[in-house]
Amino acid sequence: MKRNYLFFLGLLILFLININYIEARNERLNQLLDRLDYLLDQKQAELALEQQIKQQVEERFSSSLGGEFIGPTTWRTTKSPTDR
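Just so you know, we're using our numbering here: the sequence shown kicks off at 4 and counts up by one.
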């Protein structure tokens, strides 16, 4: 009878240790997910700012040069050199 009692007591202790390990692991995973969410939000804000700057540059150049902004090194102008 005493052996059964000790055996089940040992199983209970192992079970409680396992639960604590799982909770600690879940906490670490939640911290990692929070960090990833923060980094994703930062990247999205960076991309939005980059897009806003690109749009402002395009608007300024198109109004002053009268053309179409195609890329960072390409500009298609609609005005002739004498119109400028």
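Idealized CB from N, CA, C, for every residue including glycine. Model, not experiment: these values are computed from the prediction.
Enumerate in chain order the residues of its own chain whose CB-to-CB distance from residue i is below 6 Å, with the five nearest sequence positions on each side excluded.
i	result
Arg87	In this predicted model, Arg87 has a pLDDT of only 49, less than 50, meaning its place in the structure is not dependable; the value taken from the coordinates is given anyway. There are no such residues.
Phe18	none
Could you name the residues of the same chain whose beta carbon sits closer than 7 Å to that of residue i, not counting the 5 residues immediately before and after it, in chain order?
i	result
Asp55	The residue you asked about is not Asp; residue 55 is Gln in the sequence shown. The answer is none, since no qualifying residue turns up.
Glu30	none
Leu35	none
Is any non-hydrogen atom of the ligand NAP found closer than 7 Å to the C-beta of residue i, if you look at the structure I gave you?
i	result
Tyr8	Although the ligand NAP was asked about, the structure shown includes no ligands whatsoever.
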